[in-house]
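Asks:
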Amino acid sequence: MFVHSPRGALARPTVNIVTSVGTSWMMWDAASMSLVFVGKDAGSEIRSLAQTGTEVFASAGESVIKYYRGKELGSYRSTDGAKLGQIAIFGEQLLALKENGTGLVIWDVGSRELQNEITFHATFTATAVLHPATYLNKVLVGSQQGQLQLWNLRTCSLIHTFKHPRLASPSPVTALVQSPAVDVVGVGHLDGTIQIVDIRQGELVMQVRMEEGAVTGLAFRMDGTPILASSSSTGSIATWDLSRGGRIIHVHRGAHEQAVSGLEWVAGQPLLISSSGDNSVKQWLYESPEAVPRLLKFRGGHHAPPSCIRYYGEDGKQILTGGRDRALRYTSVVRDSRSYELSQGSYAKKAINMKVSVSSFKYPAITSLSSSSTRSKDWEDVLTAHADDPVARTWRVQDKRLGPWTFEVEDGVVQAVCVTACGNFGLLGSSNGEIKMWNMQSGKERKSFSLTGSPSRDHKPRMIAKSKSKMTKIQPVKKTTQAITGLVTDALNTTVVASTLDGKLNFFDFHSTQLVHDLQLPSSVTSLDLHRDSGLLSVTCDDLVIRLVDLETRRLVRELRGFKDRILDSCFSPDSRWLIASALDSTIRTFDIPTGRLVDAFRTASIATSITISPTGDFLATAHVDSLGIHLWANKAQFADVALQHINEADDILQLGLPSVQGVEDDAG
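Here the sequence shown is numbered in the numbering used here, starting from 606 and rising by one per residue.
Given below as structure tokens:
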């Protein structure tokens, strides 16, 4: 992360925040946390960022790339092919440490010519670099051995070596930062030690220690208040009063879910900016030096890959995503600032007191998700099932929170959920064959469906209103052949279809709950998907075949084959002409339903675990096993005439890269 404040008589007092997101970077306006620019994909993971004016520099792999307004202007490459780490701008010079710590490379910023290269001694492995204020042609370098060295860049000569105060057990340097006082720098170490060092006198001015883990960042307030902020590898942020000998003011445990990767004060303001590997950037406001910091603004996303994604609403602008980080998020594909996480309740204070992460208090990861926006303004409109959990939970997108109702099965765990098209009812199926229906408004149980064919006699309404703070004890349940694997209802609430692990489709009358028909398939069923307008039901089976069943006649009408590994997810196009499916072989296939032929297929670098197509049919969204983001693919048939032809899998499956953060400006295919 890098924070930059433009200066000048005519410049508006704005603050820009630059953060790395894997192989790309984003620039945010700190005032509104709105996205300003997105950098072009660097090809490798970005290790460090720097900014001068409107130009952004990013080190990735063997080079440092120069950007202007998100576009690449040029690059600076290492001469020996070594990967580059931390970078710094020093006047007209660009400095880059080699990632292995063996040297420091120096380029001219304007001409991009290599000026000098410093090679460190074998006993000195560089980890951090800093230009001390007012020091001409000199840089301070921290090492894995805990030492500091002062080098002259013009002569490439070592001026002085600062020994670690504890020679018996030195700790690697992890952070170097300039203080407001000339000659004084802050040094952070892997063992949590923080040192304030006078490099002119070679003296240790002050030493404190963070008990929360390794120091990952240091920042001095620049508005005259003698306060130092430090961050740790456990996600904590601490503030220290330097006027009182380094007395600790406050430790904010759990400020981030993962290690803090960037920490900076905004010049002249009591505002601290932090970023982390948990895919978030936050602004902390210190209303007074002694006050507890208040979270002012933030942007974030899933900090574990999403595993279940579904479009929400009818306009194709919102996606609901559930991830392994136990969060349910609303993602806007139009404007990032509209995205948010649906609240599960306030557990932050309890997590801090118990010294655990907030995510440990969240409900288990979402395994199944269903929604209907028909009555979204009136009551809860989302229903979710969770891993090894006997409880399904309601959510209200409009209020950005967990709903008051939770629906619990009597035996087993919830494996499938469905919200009716009208938005009034929510159904769930359990691992022991139990199927029940609740009213989404009142939380009362309305019906139950029996796989044996006899209607349930227990129609007594039952309300299950559960406190948000009450946690459910998860008990692993042994699955039976009657386990419900899929659950759907038609558009007019006349038919309920449930699939079981033994390969049977069960058709129920919605009103009488009678089992009116069953269809035995040759393989176990893993999931169901219904296109309500056409009445086509897609049945994903364990024998690597997707079978299409007509809901009206209850007959098998198509078998879509060709998968080489387990099918993970599938969806219909809005006009029900295509069926798109992802599989464990890293392929995404598109079948033409009228002909039953494969018309498109491509392979991705990582497996697509969940897919969903927009209600307008213009974009396909995918979630991948090793990616925190949602990737959008444009449907070219929506924007141009495309002649669809049957393709041969052996010859025509191409390997495609995932869509980048910046988009497909240079995509020719």
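Note that beta-carbon positions come from the ideal geometry of N, C-alpha and C, so glycine has one too.
Predicted model only: the values in this text are computed from it and were never measured.
Count the C-beta pairs between the region 1007-1016 and the region 1089-1107 that are closer than 8 Å, then say yes if the count reaches three, no if not.
Replies: Not touching, per the Cβ criterion.
Asks: Three Cβ pairs or more, each shorter than 8 Å: is that satisfied between the region 929-944 and the region 1251-1266?
Replies: Counting Cβ pairs under 8 Å, fewer than three are found: no touch.
Asks: Label residue 621 either buried or exposed according to how many other C-beta atoms from any shown protein chain fall within 10 Å of its C-beta, with 16 as the threshold for buried.
Replies: Buried, because 16 or more other Cβ atoms sit within 10 Å of the Cβ of residue 621.
Asks: Is it the case that the region 1185-1192 contacts the region 1233-1245, given that we only count it when at least three CB pairs across the two stretches are under 8 Å?
Replies: No, the region 1233-1245 does not touch the region 1185-1192.
Asks: Exposed or buried, what is residue 1162 when buried is set at 16 or more other beta-carbons lying within 10 Å of its beta-carbon?
Replies: Residue 1162 comes out exposed.
Asks: Residue 1028 and residue 979 look like a contact to me (Cβ under 8 Å); what is the Cβ gap, rounded to whole Å?
Replies: The Cβ separation is near 4 Å, so the contact holds.
Asks: Quick check on DSSP: helix, strand or coil for residue 847?
Replies: Here residue 847 sits in helix by DSSP.
Asks: At which residues does the beta strand (DSSP E) containing residue 835 begin and terminate?
Replies: Taken as a continuous stretch (DSSP letters only), the beta strand (DSSP E) holding residue 835 covers 832-837.
Asks: Near residue 913, what residues of its chain come up, given a Cβ to Cβ distance below 6 Å and the 5 sequence neighbours on each side ignored?
Replies: Hits under 6 Å: 927, 971, 974 and 1215.
Asks: At the 8 Å Cβ level, is residue 1258 part of the contact set with chain D, yes or no?
Replies: The structure shown has no chain D; it contains just one protein chain.
Asks: Does the Cβ of residue 1092 have 16 or more other Cβ atoms within 10 Å, making it buried, or fewer, making it exposed?
Replies: Result: buried.
Asks: State yes or no: is the C-beta of residue 697 within less than 8 Å of the C-beta of residue 714?
Replies: Against a cut-off of 8 Å, the Cβ pair of residue 714 and residue 697 comes out as a contact.
Asks: Go through its chain and collect everything with a Cβ distance to residue 1104's Cβ below 6 Å, but skip five positions before and after it.
Replies: So the qualifying residues of the chain are 1090, 1091, 1110, 1130 and 1133.
Asks: Give me the residue from 722, 647 and 778 with the minimum Cα distance to residue 746.
Replies: Comparing Cα positions, the closest option is 778.
Asks: Check residue 677 in the structure and name its three-state DSSP category.
Replies: In this structure, residue 677 counts as strand in the three-state DSSP scheme.
Asks: With a threshold of 8 Å on Cβ separation, who are the neighbours of residue 1204 within its own chain once the five nearest residues in sequence on each side are excluded?
Replies: The answer, listed in chain order, is 1183, 1195, 1196, 1197, 1249, 1250, 1251 and 1252.
Asks: Quick one: what's residue 781 bridged to in DSSP?
Replies: In DSSP, residue 781 forms a bridge with 792.
Asks: Which value, in whole angstroms, describes the spacing of the CA atoms of residue 1014 and residue 1055?
Replies: Approximately 13 Å, taken between the alpha carbons.
Asks: Keeping to the same chain, check which residues put their C-beta closer than 7 Å to that of residue 787; ignore five residues upstream and five downstream.
Replies: For residue 787, where only same-chain residues beyond five positions count, the Cβ hits under 7 Å are 738 and 739.
Asks: Whole-angstrom Cβ separation of residue 862 and residue 883, contact assumed at under 8 Å?
Replies: Their Cβ separation, rounded to whole angstroms, is 4 Å, which keeps residue 862 and residue 883 in contact under 8 Å.
Asks: By DSSP, does residue 863 sit in helix, in strand, or in coil?
Replies: DSSP places residue 863 in coil when its eight states are reduced to three.
Asks: Quick check on the DSSP output: the beta strand (DSSP E) that includes residue 1009 runs from which residue to which?
Replies: Taken as a continuous stretch (DSSP letters only), the beta strand (DSSP E) holding residue 1009 covers 1006-1013.
Asks: How big is the Cα-Cα spacing for residue 649 and residue 625?
Replies: Each residue's alpha carbon lies about 11 Å from the other.
Asks: Exposed or buried, what is residue 888 when buried is set at 16 or more other beta-carbons lying within 10 Å of its beta-carbon?
Replies: The residue is buried, with at least 16 neighbouring Cβ atoms inside 10 Å.
Asks: Compare the Cα-Cα distances from residue 1222 to each of 1213, 1178 and 828 and report the closest residue.
Replies: For residue 1222, the nearest C-alpha among the options comes from 1178.
Asks: Going by DSSP, which residues form a beta bridge with residue 688?
Replies: According to DSSP, residue 688 bridges with nothing at all.
Asks: Which residue comes first and which comes last in the beta strand (DSSP E) that contains residue 911?
Replies: Note, residue 911: beta strand (DSSP E), 911-917.
Asks: Which of helix, strand or coil does DSSP assign to residue 1182?
Replies: Residue 1182 falls in the coil class under three-state DSSP.
Asks: With a threshold of 16 other CB atoms inside 10 Å of the CB of residue 1065, please say whether the residue is buried or exposed.
Replies: Residue confidence for residue 1065 is low, a pLDDT of 47 falling below 50, so the modelled location carries little weight; the figure read from the coordinates is stated next. Residue 1065 is exposed by the Cβ-count criterion.
Asks: Give the straight-line distance between the Cα atoms of residue 623 and residue 633, rounded to the nearest whole angstrom.
Replies: Distance between the alpha carbons of residue 623 and residue 633: 6 Å.
Asks: Straight-line CA distance for residue 837 to residue 807?
Replies: Their backbone Cα atoms lie some 26 Å apart in a straight line.
Asks: Since residue 1109 is in the beta strand (DSSP E), which residue starts that stretch and which ends it?
Replies: Residues 1109-1114.
Asks: Using CA coordinates, which residue listed in 1181, 756, 1220 and 1232 is at the minimum distance from residue 906?
Replies: Nearest option by C-alpha distance: 1232.
Asks: What are the start and end residues of each continuous beta strand (DSSP E) run of 3 or more residues lying completely inside the region 704-769, in chain order?
Replies: Counting only runs of 3 or more, we get 708-713, 719-724, 731-735, 743-748, 753-757 and 762-767.
Asks: DSSP on residue 982, reduced to helix/strand/coil?
Replies: Of the three classes helix, strand and coil, the one that applies to residue 982 here is coil, per DSSP.
Asks: By the DSSP assignment, the beta strand (DSSP E) with residue 787 in it spans what residues?
Replies: Looking at the DSSP string, residue 787 is not in any beta strand (DSSP E), and its letter there is neither H nor E.
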